[in-house]
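Reading through the structure tokens given below for one structure.
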Amino acid sequence: DFCIRASLETHRFLFCRLRVESKTKDSVTLSWSSGQYQVRVWHFPFRLEVLCDQEVIVTFNSKDKLWFESLQNKPSYLSTLFLFFPGPSSLGADFCLHGFQHVYGLPQHADRLRLRDTSDGEPYRLYNLDVFAADLYCRLGLYGSVPLIVAHKPDRTVGVFWLNASDTFINIQYSPSDLQGGETPPVKKRRLRRQTDVHWLSESGVIDCMILLGPAPRQLFKQYAQLTGYQAMPPLFSLGYHQCRWNYNDEADVKAVDAGFDRHKIPYDVIWLDIEHTDGKRYFTWDPALFPKPVALQQHLEKKKRKMVVISDPHIKVDPDWPLYREARDGGHFVKDREGQIFQGTCWPGESSYLDFSCPETRGSTPSLFVWNDMNEPSVFNGPEQTMPKDAVHHGGWEHRELHNLYGFYQHMATADGLTSRSGGTERPFVLTRSFFAGSQRLGAIWTGDNVATWEYLKISLPMVLTLNLTGIAFCGADVGGFVKDPDPELLVRWYQAGALLPFFRGHSANDTKRREPWLFGEEVTAAIRTAIQFIIRANLHKNVKHSLSCRPLWVEFPEEESAFTEDNQYMIGGALLACPVTEQGAQTVKVLLPGSDEVKAFITVTVYEYGTLKISFCHRFGTTSALQRRTKEERASADGELYLDDGHSFEYRDKKAFSLRRFSMASGRLLCRSASEEGRFDCDTVVQSVSIMGVKSKPTTVNVHVPGEDVHEMSTFNSYRKKFECFKGRFVSFTAHRIIIHDETEQITM
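Under the UniProt record's numbering, the residue at position 620 of the sequence shown is numbered 620, and the numbers go up by one with no gaps.
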């Protein structure tokens with residue numbers, strides 16, 4: 001099954017009817033749309049060439065590595081290893097990406113953003129595994145898998161989506177080779193045409209691959225989203241800061257932590273409970289001694305508009321006296337072993353059986369409780385590679401080897417569906433998962449797994465999150481501070497600074513580490529963390545309907561600048577803000593790449609930690625130098641942005657179009673506010689507390705705020721040191737008609 005998705009003139013992305021353009025004795029050429037795109041099919045050896053404007057972009061089976069071996073007879077020497085396997089199988093194919101020297105994707109690996117050449121013998125592996133404190137820059141499998149490769153060059157972006165959930169290896173070879181110590185002289189390298197060869201090899205399944213033709217990055221992301229789904233709109237609370245630990249001891253401990261945030265004036269939205277809150281590791285239960293009143297505890301948090309998340313792993317304690325175990329056993333909801341008996345493995349509760357979420361009947365709490373899916377690769381402590389044997393049997397007779405990388409996806413789906421059903425389909429669920437696959441973005445959030453409190457892990461978290469964004473998973477993040485070991489104050493603050501800029505923001509730590517609440521490190525650190533949390537930036541997650549990335553690698557925003565193609569530590573938040581978190585110990589300055597050679601930029605430095613000289617810096621795009629040259633000597637700035645609001649918790653934004661999306665554009669001293677969506681309508685009572693204008697050189701003469709039905713208000717402050725002007729304590733609703741008029745000695749600015 002082979003298909004191509006391309007951008008048509010109508011900017012819609014469809015499966016297209018192909019027509020014959022030409023035939024020879026060796027090939028046939030097909031085209032679609034206006035004929036800009038073509039597919040040339042060569043008969044012997046078989047291969048497919050995808051062309052745009054007569055130029056070959058992608059070749060399928062370019063090195064004649066197409067292979068499929070379906071359920072061959074078992075060699076006798078394997079009989080004791082694979083007793084009931086129908087037989088060994090494998091399949092593979094290769095692609096040549098012509099003109100490309102930079103490819104990305106294939107999460108999850110703790111590695112650089114740009115995928116490395118694997119000619120040294122170690123391919124990338126996609127096989128979901130519970131890897132505690134994984135080795136960095138390793139190509140072996142981690143917790144999740146997305147079999148998507150994205151290739152980019154200055155004038156085009158293409159993708160290859162290999163839809164297969166079995167154990168998969170991917171070899172990548174760049175030509176000319178970029179391996180260090182290569183024998184090709186630089187002169188000869190320049191004469192060779194650039195290309196990247198990608199070879200996929202999977203253990204089982206079928207060849208089901210899709211080529212995404214872009215040609216622009218955003219068009220490719222839309223094509224992929226139409227195949228696998230858009231990022232789910234999260235409930236508003238989940239965009240805030242989450243506090244977690246393995247484990248908070250009891251109800252008193254939870255209330256003490258909650259009160260500590262209030263006492264130190266640190267905002268947070270969610271507190272989490274790990275496995276110790278359960279009764280003997282029986283999920284969906286509460287330890288009656290430690291958490292005797294869980295509903296009252298949730299209500300205590302709900303009064304402060306805070307939520308609770310509890311963990312739910314896929315393994316179920318083997319306990320015939322536990323009603324949930326008996327129900328799953330008697331209903332046939334467990335994975336079977338190769339002999340047809342209920343599979344049993346070892347995990348946190350001891351002897352456990354594993355729910356078969358591939359069965360629809362298996363995917364079948366209190367209103368303010370949300371869920372965290374962990375250990376769902378699945379993790380089996382006594383299994384091969386600490387996971388489920390490949391000959392375990394799922395619903396419908398499917399062997400585990402066929403769908404291993406989908407196991408966590410199905411649990412994520414079951415949990416999200418269950419939380420949605422709890423409200424009768426009206427409330428958005430929130431489910432965090434460790435294991436994932438292509439399409440997991442439809443279901444909730446993802447984090448990068450069990451990391452370590454070191455500077456190296458902080459640094460690697462950035463390309464890991466950017467890679468997830470490139471493969472459609474926008475709501476993601478890494479455990480702040482590191483799950484394992486104890487961070488020093490500088491590392492902890494730097495991690496909070498970085499985490500505040502990522503979509504999912506959670507502090508988490510293991511049970512053998514020191515307590516890590518933000519106020520335990522001294523007032524300087526507490527103040528720095530407080531400021532970092534208050535500085536949370538969330539870039540347009542409402543654009544799930546627009547296939548937008550919440551965190552964008554620089555090359556997505558600046559596709560023609562090759563200097564940005566390998567940048568790991570910088571990224572774009574939205575289309576205007578460039579972030580560069582500090583990831584080096586003791587750093588006093590950071591070197592920042594500023595792409596956009598014809599653009600005007602300004603640095604915004606925000607002091608978030610006065611522990612020495614630690615700061616975090618941003619760069620804001622204002623416009624182009626050509627526009628600047630047309631301006632008069634009187635400096636004028638321009639800016640634009642969007643504001644999205646809905647009720648923050650329900651599906652009414654989707655079902656009833658109950659949302660408001662406004663676009664703000666400021667130019668020539670005038671701020672215009674207009675609707676950015678014709679279909680959305682939302683009655684909002686959100687009050688604007690302040691309007692801040694950065695880069696003001698002198699205090700304005702007068703400021704008037706006009707609100708319908710009220711008198712004119714004059715209220716403002718001016719900070720000459722920060723060049724910040726603020727209109728404050730407004731009483732107008734954000735989407736009502738209003739004007740702010742600012743006068744200085746030379747002009748009037750109307751907003």
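Quick reminder that beta carbons are idealized off the backbone N, C-alpha and C, glycines included.
The alpha-carbon separation between Asn-569 and Ile-529 amounts to approximately 21 Å.
In the assembly as shown, Asp-197 is a buried residue. Its beta-carbon has 16 or more other beta-carbons within 10 Å. If one requires a minimum length of 3 residues, the beta strand (DSSP E) runs lying completely within the stretch 214 to 284 are 241 to 243, 270 to 273, in chain order. Note: Asn-719 is bridge-paired with Lys-724 in the DSSP secondary-structure output.
Beta bridge pairing from DSSP links Gly-159 with Val-150, Leu-212. Secondary structure at Glu-69: strand, using DSSP grouped into helix, strand and coil. Counting along the chain, the unbroken beta strand (DSSP E) around His-98 starts and ends at 90 to 98. DSSP lists Ser-665 as the bridge partner or partners of Asp-640. DSSP places Asp-197 within a strand segment (E or B) once states are collapsed to three. If you look at Leu-458, you'll find it in the alpha helix (DSSP H) that goes 455 to 470. Rounded to whole angstroms, the separation of the alpha carbons of Phe-521 and Ala-453 is 16 Å. In the structure shown, the three-state DSSP call for Tyr-407 is helix. Exposed is the label assigned to Gly-121, since fewer than 16 other Cβ atoms lie within 10 Å of its Cβ. In the three-state scheme derived from DSSP, where H, G and I count as helix and E and B as strand, Ser-421 is classed as helix. Rounded to the nearest angstrom, the gap between the Cα atoms of Met-210 and Ser-119 is 25 Å. Take Pro-45, set aside five residues on each side of it, and the residues of its chain with a beta-carbon closer than 8 Å to its own are Asn-61, Asp-64, in chain order. One Cα belongs to Gly-586, the other to Met-694, and the distance between them is close to 29 Å.
Setting aside the 5 residues that flank it on each side, Phe-132 is surrounded in the same chain by Asp-450, each with a C-beta closer than 6 Å to its C-beta; the list follows chain order.
Taken in chain order, the whole alpha helix (DSSP H) runs of length 4 or more contained in the stretch 472 to 536 are 489 to 499, 523 to 534. Within 10 angstroms of the beta-carbon of Leu-443 lie 16 or more other beta-carbons, which makes it buried. Where Tyr-174 is concerned, there is no enclosing alpha helix (DSSP H), although the beta strand (DSSP E) around it starts and stops at 168 to 175.
Going by DSSP, Ala-579 is part of the beta strand (DSSP E) stretching over 577 to 579. Here Met-413 carries a helix assignment [DSSP, helix/strand/coil].
Rounded to whole angstroms, the Cβ separation of Leu-466 and Leu-113 is 6 Å, and the two are in contact under 8 Å. Pro-389 has its alpha-carbon roughly 18 Å from the corresponding atom of Asn-164.
Cβ-Cβ distances below 6 Å link Arg-125 to Leu-140, Gly-141, Phe-169 in the same chain, with the five nearest sequence neighbours on each side left out; the list follows chain order. Counting the other CB atoms within 10 Å of its CB gives Pro-559 a total of 16 or more, which places it among the buried residues. Counted as a single uninterrupted DSSP element, the stretch harbouring Trp-286 is not any alpha helix (DSSP H), since DSSP gives it neither H nor E. Close CB contacts of Ser-238 within its chain, under the 6 Å cut and outside five residues either way in sequence, are with Phe-430 (chain order). Trp-555: member of the alpha helix (DSSP H) spanning 554 to 557, first to last residue. For a cut-off of 8 Å, the C-beta gap from Trp-200 to Trp-162 is around 5 Å, short enough to register as a contact.
In the DSSP assignment, Asn-373 is bridged to Thr-433. DSSP places Gly-648 outside both helix and strand once states are collapsed to three, so it counts as coil. According to DSSP, residue pairing for Gln-588 in a beta bridge does not occur. Cα atoms of Phe-100 and Gln-441: separation of roughly 28 Å, rounded to the nearest angstrom. Counting only residues of its own chain and dropping the five nearest sequence neighbours on each side, Ala-639 has a CB closer than 6 Å to the CB of Met-666.
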